[in-house]
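Numbering-wise, the sequence shown is residues 1 to 302 according to UniProt numbering.
Reviewing the structure listed below.
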Amino acid sequence: MTLTQLKYVIAIADSNSMNEAARMLFIAQPSLSQAVKELEDEIGIILFNRSNRGVKVTPEGEEFLGYARQVTEQYRLIEDRYIEKKNSKKRFSVSMQHYTFAVKAFVELVKQFGMDEYEFAVHETKTYEVIDNVKNFKSEIGILYLNDFNRAVLTKLFQESELEFHALLNCGIYAYIWKGHPLAEKEEISLEELDEYPCLSFEQGDNNSFYFAEEVLSTYAYKRLIKANDRATLLNLMVGLNAYTLCSGIICESLNGSDFCAVKLKSEEIMTIGYLKRKGVALSPLGQKYLEEIKKFRESVL
């Protein structure tokens, strides 16, 4: 196995085409195909499924690509520092379910370290993609929750993906609504009281299992349910339709504004928000500092 072969595999995966990858790499397409075939024979797995419509990475290939990207990135950093003599920027990336406080912690991290020496990335995305991004080294840390309903299924997926989950915050369940909502002044709300209002949920795409839902109580028979893709849309729907979503109750007015509130749901359900990391891989100083910022929100748990 060579570094050149790893670069070939990454180029093919990024372009979904042998011909396009060969063009970008300035080599003949038959030579590229032969190099990949030799690599597949050596490691004993098929990296790509070939068809008339192009190439598609296999599940085994996805895992291999995660390691390949890490190796080539580390080589690039070494090359920049010791051969090209460049002052390469340190990188930090985090993926998360749609948590305002996790974005706020990221903002504070960037403010503290600045962007002259560091390159940052944040991915507020679907549950499965949070897991996949950490598994494939796209992000160092993933922020999501476990509860009694999804714990067994997600923990098994973490183990299969060589990931570790570490708890950060234990939270009750709250209805997140705008302050003009008819129920906004109540101290507690039951699901039955909310039945006449639309429940908002984040769309999970191809992995739309109840176990991947970002909202607890995902199996409840909601009379009115609307799915959306981003937090801004959910906030607009809350105001326009008196809709609600279920959340941890951690309020972050500096990002969402002061027009919204969290009202305790009549439920004994507990959600544990925590972080994912690669098993056996130590966190970087930036990763450790990010988690310190997250932990500051323990005081905000209602």
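No residue lacks a Cβ here, since even glycine has one placed at the ideal position from N, Cα and C.
Where residue i falls, given that 16 or more other Cβ within 10 Å makes a residue buried
i      : result
Leu169 : buried
Ser201 : buried
Met1   : exposed
Gln97  : buried
Gly180 : exposed
Ile143 : buried
Ile294 : buried
Lys135 : buried
Lys126 : buried
Ala11  : buried
Ser139 : buried
Met238 : buried
Asp132 : buried
Arg278 : buried
Met115 : exposed
Asn19  : exposed
Ser190 : exposed
Gly44  : exposed
Leu154 : buried
Ser51  : exposed
Tyr82  : exposed
Ile78  : exposed
Leu225 : exposed
Asn150 : buried
Residue i (DSSP reduced to helix, strand or coil)
i      : result
Phe137 : coil
Lys223 : coil
Arg91  : strand
Leu246 : strand
Met1   : coil
Phe175 : The displayed chain sequence assigns Ala, not Phe, to residue 175. The answer is strand: DSSP assigns Ala175 an E or B state.
Tyr197 : coil
Tyr275 : strand
Glu187 : coil
Leu251 : Before going further, note that residue 251 is Ile rather than Leu in the sequence given. If DSSP states are grouped into helix, strand and coil, Ile251 belongs with coil.
Ala228 : strand
Ala213 : coil
Gly240 : helix
Val130 : helix
Val9   : helix
Glu203 : coil
Asn256 : helix
Residue i, enclosing alpha helix (DSSP H) - first and last residue
i      : result
Arg23  : 18-25
Phe48  : Not the alpha helix (DSSP H): Phe48 falls in the beta strand (DSSP E), residues 48-51.
Gly61  : 59-78
Glu40  : 29-43
Phe101 : 100-113
Glu119 : Segment 118-124 is the beta strand (DSSP E) holding Glu119; no alpha helix (DSSP H) there.
Gln159 : 151-160
Glu268 : That residue, Glu268, is in no alpha helix (DSSP H); it is neither H nor E in DSSP.
Arg298 : Careful: Arg298 lies outside any alpha helix (DSSP H) and carries neither H nor E.
Expected contact under 8 Å - CB spacing of residue i and residue j to nearest Å
i      : j      : result
Leu283 : Phe158 : The Cβ separation is near 16 Å, so there is no contact.
Phe92  : Phe120 : 6 Å
Gly274 : His166 : 5 Å
Leu32  : Tyr8   : 6 Å
Glu162 : Val263 : Between Val263 and Glu162 the Cβ distance is about 40 Å, and since that is not below 8 Å, they are no contact.
Ala243 : Tyr197 : 6 Å
Where the beta strand (DSSP E) containing residue i begins and where it ends
i      : result
Lys264 : 260-265
Tyr290 : Premise fails: Tyr290 lies in the alpha helix (DSSP H), 285-295, not in any beta strand (DSSP E).
For residue i, the nearest candidate out of the options (CA to CA)
i      : options                        : result
Val281 : Tyr67, Gly44, Asn19, Arg53     : Tyr67
Ile141 : Asn147, Asp148, Glu164, Phe149 : Glu164
Glu292 : Glu188, Glu253, Ala105, Tyr197 : Ala105
Gln288 : Leu109, Ala28, Lys227          : Leu109
Leu286 : Val103, Gly172, Lys90, Met271  : Lys90
Lys111 : Lys223, Tyr290, Ile45          : Tyr290
Leu265 : Glu214, Leu194, Leu241         : Leu194
Val103 : Thr272, Ile250, Lys37          : Ile250
Lys223 : Leu77, Phe137, Cys199          : Cys199
Pro182 : Cys261, Val216, Thr219         : Cys261
Ala184 : Arg69, Asp259, Ala13           : Asp259
Trp178 : Tyr220, Leu246, Ala13, Glu160  : Leu246
Cys252 : Tyr176, Val216, Ser267, Phe113 : Tyr176
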